[in-house]
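Just so we're aligned: 454 in the numbering used here is position 301 of the sequence shown, and the numbers increase by one with no gaps anywhere. Notes to accompany the following structure.
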Amino acid sequence: MPTEPGPSGAPPVLEVRGVRKTFGGVVALDGVGLALRPGVVHCLAGENGCGKSTLIKIISGVEPADAGEMLIDGEPVGRMTPTLALRAGIQVIYQDFSLFPNLTVAENIVLPAAIAARSKLYRARRLRPSAERIVGELGLSLDLDAEVGRLSVADRQLTAICRALVQDARVIFMDEPTTALTHSEVERLFGLVRRLQERGVALVFVSHKLEEVLSVSQEVTVLRSGRRVAHGAASEFDVRSLTEAMTGRQVDDSRVVVPVDPESAPLLRVDALTLPGAFSGITFDLRAGEVLGLTGLLGSGRGEIAEALFGVVQAESGTVELAGARVRPGSIRSSIAAGFGYVPEDRLTQGLFLDKPISDNIIASSLGEHARGRIFLSAGRTAETISRLFERLRIKAPSVAAPVRSLSGGNAQRVVLAKWLATHPRVLILNGPTVGVDVGSKEEILQILREAATVGMGIIMISDDVPELVSICHRVLIVRRGEVVGEFTEDAIETHRIQEVMAA
Ligand SMILES: Nc1ncnc2c1ncn2[C@@H]1O[C@H](COP(=O)(O)OP(=O)(O)OP(=O)(O)O)[C@@H](O)[C@H]1O
Ligand SMILES: [Mg+2]
């Protein structure tokens, strides 16, 4: 089969054909092909669980394929292994970056290269000039001596990219690299991507932020249920057609808000909540059935406010009242008992027991209640709750017995949501609830939240996805430098108006 011509016209540096992979009974990839050309950014798109990460793992030798061929510079490769992939210049930047937090930026950049070269670890120091060179060439302002554990997510990201480059990457896969970046950091990353392109690197970009990924890519491949369903030049796609290719349907993201009784007493009252250095004088009410959006740039304090309400961090002063009773958010346990639920931002480290089955994860927080005798859950009711939420959230897995580790990113996010819905909180606080969730599923999740609100749950949604807030919120508060600087209600809730105040 002749190789399809790509936008750059150059022959592919890497090509796979007919890749097939199953996990137990689940077909993750069913005859997928992908050709990557030097200097071309390739967008790999598709719904949660369609097989994107699996394809990357196969190409980088982390997972063996059941069938298929791989060619590097037109030459067939027998069995791909991580060592072979490295030698061929294939680098993957995973979402957790796989960095060593206790080492410095420079050490992190050169260490894998040192290991690959079988040089002793202490010789990593001698490789420092190559770290300096790469950081300089890319025009980055990274402090080479800073400990990685202390860096911002964006700088960790850049460190991971430098590490890939110092090993002479010819192909770089970026699996959802922008989820934790601010707008200007995304710009910085894209500038870097363009420079890599000029150097002839082939890049693959996986992201659920479709507008963003289309703006940086020249070629697009869409997977659906493990099959390639669309392929072409990025210029042939827009967000709408890409969404349709991914989901097979049109996704309606219009604003749907069920009115709340303006006369009803507030369910939650937050008054002058203050934590010096993070936020101050935070005051707002939330009614039953209301969805309140809390937005602001990264570092604005929006996340800390959520954490203080839930008891993850302690506010220094101010009061919180839930249904007329004063709550002292002191610990997570007492917050749950008071009626709060919290979907954290960093689901992989804060939200889930990865090696436990989906079922255990769904009831994990409710069981805490059970243990203290507040709610008695019979085995039958527990099983029913689990299967209801499993179905309702359409978690893609063979059964509730599957470990969370085997789920795709977006499906793991649904488990976190299921877990908190199972506790029947009176107020559910969500921090970035649809980060990493595909467009179609995002609308489904928002609909589930709307329904929860309709039956009286109060919802506080922290997000920088403004269209998402517009689609679901009754009110939106803008946080800047730890203070509420703007409030939008009902008709005034509009994407570009909110974005203007956020950026001001
Ligand atoms: N180690 C594993 N064991 C069992 N099933 C797996 C394993 N890894 C992946 N799968 C399954 O293979 C399918 C594809 O998963 P994959 O992680 O490739 O999806 P994805 O396209 O990256 O999704 P997302 O956008 O949510 O990250 C899913 O059904 C997933 O549950
Ligand atoms: Mg993935």
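C-beta atoms are modelled at their ideal positions from N, C-alpha and C, and glycine is treated no differently. Computed from a predicted model, the values in this text were never measured in an experiment.
>> In the DSSP assignment, the alpha helix (DSSP H) including Ile225 goes from what residue to what residue?
In response: As a position in the sequence shown, residue 225 is number 72, starting the count at 1. Ile225 -> not in any alpha helix (DSSP H); beta strand (DSSP E) instead, spanning Ala220 to Ile225.
>> Using 8 Å for Cβ pairs, my map puts Phe543 next to Ala575. What's the rounded Cβ distance?
In response: Taking the first residue of the sequence shown as 1, we reach residue 543 at position 390. Taking the first residue of the sequence shown as 1, we reach residue 575 at position 422. Incorrect: roughly 11 Å between the Cβ atoms, too far for contact.
>> Relative to the C-alpha of Ser488, which candidate in Arg579, Ala554, Glu300 and Lys549 has its C-alpha closest?
In response: Position 335 of the sequence shown, counting from 1, holds the residue named residue 488. Residue Arg579 is the option with its Cα nearest to Ser488.
>> Using 8 Å for Cβ pairs, my map puts Ile548 next to Ile598. What's the rounded Cβ distance?
In response: The sequence position of residue 548 within the sequence shown is 395, counting from 1. The sequence position of residue 598 within the sequence shown is 445, counting from 1. Not a contact, Cβ separation roughly 11 Å.
>> By DSSP's criteria, Ala386 is part of a beta bridge. Which residues make up the other side?
In response: Numbered from its first residue, the sequence shown carries residue 386 at position 233. Beta-bridge pairing links Ala386 to Glu372.
> Nearest to Pro254 by CA position, among Thr400, Arg309, Leu602 and Ser388, is which residue?
Replying inline: Walking along the sequence shown from the start, residue 254 turns up at place 101. Minimum Cα distance to Pro254 is reached at Arg309.
>> Let me make sure I understand the geometry here. Which of Lys210, Arg173, Ala181 and Phe250 has the alpha-carbon closest to that of Asp219?
In response: Within the sequence shown, numbered from 1, the residue matching residue 219 stands at position 66. Here the closest residue by C-alpha is Arg173.
>> Closest to Gly177 by C-alpha separation, out of Val306, Ser552, Gly589 and Ser337, would be which residue?
In response: As a first step, residue 177 must be located in the sequence shown, where it is residue number 24. Closest by alpha carbon: Ser552.
>> My output table needs one value for Ala425: the three-state DSSP class, helix, strand or coil.
In response: The residue you call residue 425 lines up with position 272 of the sequence shown. Note: Ala425 maps to strand in three-state DSSP.
>> According to DSSP, simplified to helix, strand and coil, what is Glu522?
In response: Taking the sequence shown and counting its residues from 1, the one referred to as residue 522 is at position 369. Reliability of the predicted coordinates at Glu522 is poor, the pLDDT of 49 falling under 50, and the value obtained from them is presented with this limitation in mind. Per DSSP, reduced to three states, the secondary structure at Glu522 is helical.
>> Would you say the beta carbon of Gly199 is closer than 6 Å to some non-hydrogen atom of ligand 2?
In response: What you label residue 199 is simply residue 46 of the sequence shown in a count that begins at 1. No, the beta carbon of Gly199 sits no closer than 6 Å to any heavy atom of ligand 2.
> Is any heavy atom of ligand 1 found at a distance shorter than 6 Å from the C-beta of Gly688?
Replying inline: This structure does not reach residue 688, given that the chain is present from 154 up to 657, and the question cannot be answered.
> Where does Thr642 land, buried or exposed, given buried means 16+ other C-beta within 10 angstroms?
Replying inline: Along the sequence shown, one-based indexing puts residue 642 at 489. The residue is exposed, with fewer than 16 neighbouring Cβ atoms inside 10 Å.
> If you drop the 5 nearest sequence neighbours on each side, which residues of the same chain put their C-beta closer than 6 Å to that of Pro620?
Replying inline: Taking the first residue of the sequence shown as position 1, residue 620 is located at position 467. Excluding positions up to five away in sequence, the list reads Thr648.
> Would the stretch 584 to 599 and the stretch 389 to 406 be scored as touching if the rule is three or more Cβ pairs under 8 Å?
Replying inline: Verdict: yes, contact present.
> Whole beta strand (DSSP E) runs in the stretch 197 to 265 with 3 or more residues, listed along the chain?
Replying inline: 220 to 225, 228 to 230 and 243 to 246
> Is the distance from the Cβ of Val496 to the Cβ of Trp573 below 7 Å?
Replying inline: Counting from 1 along the sequence shown, the entry for residue 496 is found at position 343. Counting from 1 along the sequence shown, the entry for residue 573 is found at position 420. Closer than 7 Å, so yes.
> Hey, is Lys210 close to ligand 2, as in C-beta under 6 Å from one of its heavy atoms?
Replying inline: As a working note, residue 210 is residue 57 in the sequence shown. The answer is no for Lys210.
>> Can you tell me where the alpha helix (DSSP H) holding Glu338 begins and where it ends?
In response: The residue given as residue 338 occupies position 185 in the sequence shown. Unbroken alpha helix (DSSP H) run through Glu338: His336 to Glu351.
>> Only counting the same chain, and skipping five residues up and downstream in sequence, which positions put a Cβ closer than 8 Å to that of Gln350?
In response: Here residue 350 refers to the residue found at position 197 when the sequence shown is read from its first residue. For Gln350, where only same-chain residues beyond five positions count, the Cβ hits under 8 Å are Gly192, Val193, Val194 and Leu356.
>> So, for Leu297: in the same chain, excluding its five sequence neighbours on each side, which residues have a beta-carbon less than 7 Å away from its beta-carbon?
In response: Translated into the one-based positions of the sequence shown, residue 297 becomes position 144. Closer than 7 Å at the Cβ level, and outside the excluded window around Leu297, lie Thr257, Val258, Ala259, Ala284, Glu285 and Val288.
> Hey, Leu475 and Leu428: beta-carbon distance below 7 Å or not?
Replying inline: Locating residue 475 in the sequence shown gives position 322, counting from the first residue. Locating residue 428 in the sequence shown gives position 275, counting from the first residue. Taking 7 Å as the Cβ cut-off, Leu475 and Leu428 do not qualify as a contacting pair.
> How long is the line joining the alpha carbons of His384 and Val366, rounded to whole angstroms?
Replying inline: Along the sequence shown, read from residue 1 onward, the residue named residue 384 stands at position 231. Along the sequence shown, read from residue 1 onward, the residue named residue 366 stands at position 213. Those two C-alpha atoms are separated by around 15 Å.
>> Which same chain residues end up closer than 8 Å to Phe358 when comparing Cβ atoms and leaving out the 5 residues on each side of it in sequence?
In response: Walking along the sequence shown from the start, residue 358 turns up at place 205. Counting only Cβ-Cβ distances below 8 Å, and skipping sequence neighbours, we find Val194, His195, Cys196, Leu197, Met327, Pro330, Val346, Val366, Val369 and Ser370.
> Contact check, Glu443 vs Ala606 under 8 Å by CB: the rounded distance?
Replying inline: Numbered from 1 along the sequence shown, position 290 holds the residue referred to as residue 443. Numbered from 1 along the sequence shown, position 453 holds the residue referred to as residue 606. Yes, they are in contact, since the Cβ atoms of Glu443 and Ala606 sit about 7 Å apart, within 8 Å.
>> With a threshold of 6 Å on Cβ separation, who are the neighbours of Arg486 within its own chain once the five nearest residues in sequence on each side are excluded?
In response: Taking the first residue of the sequence shown as position 1, residue 486 is located at position 333. Counting only Cβ-Cβ distances below 6 Å, and skipping sequence neighbours, we find nothing.
> By DSSP, does Phe432 sit in helix, in strand, or in coil?
Replying inline: Translated into the one-based positions of the sequence shown, residue 432 becomes position 279. Strand at Phe432.
>> Just to confirm, is the Cβ distance from Leu182 to Gly214 under 7 Å?
In response: Within the sequence shown, the letter at position 29 stands for residue 182. Within the sequence shown, the letter at position 61 stands for residue 214. No; because the gap between Cβ atoms is not below 7 Å, this pair is not in contact.
> Any chance the CB of Ala181 is under 6 Å from a heavy atom of ligand 1?
Replying inline: Taking the first residue of the sequence shown as position 1, residue 181 is located at position 28. At least one heavy atom of ligand 1 is nearer than 6 Å to the Cβ of Ala181, so yes.
> What are the partner residues of Asn584, as DSSP defines its beta bridges?
Replying inline: Along the sequence shown, read from residue 1 onward, the residue named residue 584 stands at position 431. Answer by DSSP bridge pairing, in chain order: Ile615.
> What are the residues that DSSP puts in a beta bridge with Leu189?
Replying inline: Here residue 189 refers to the residue found at position 36 of the sequence shown. In the DSSP output, where bridge partners are listed per residue, Leu189 has Leu167.
> Across which residues does DSSP place Thr642 in a beta bridge pair?
Replying inline: Position 489 of the sequence shown, counted from the first residue, corresponds to residue 642. Arg628, per the DSSP bridge assignment.
> Going straight from the alpha carbon of Pro419 to that of Asp438, what length do you get?
Replying inline: Working through the sequence shown from its first residue, we reach residue 419 at position 266. Working through the sequence shown from its first residue, we reach residue 438 at position 285. So the alpha carbons of these two residues sit roughly 6 Å apart.
> Alpha carbon to alpha carbon, what distance is there between Leu264 and Met614?
Replying inline: Counting from 1 along the sequence shown, the entry for residue 614 is found at position 461. Counting from 1 along the sequence shown, the entry for residue 264 is found at position 111. Between Met614 and Leu264, the C-alpha separation is close to 40 Å.
>> Using a 10 Å radius around the Cβ and a threshold of 16 neighbouring Cβ atoms, would you call Phe432 buried or exposed?
In response: As a working note, residue 432 is residue 279 in the sequence shown. Label assigned to Phe432: buried.
> Would you call Gly585 buried or exposed, if buried means 16 or more other Cβ atoms sit within 10 Å of its Cβ?
Replying inline: Stepping through the sequence shown from its first residue, residue 585 is reached at position 432. Under this definition Gly585 is a buried residue.
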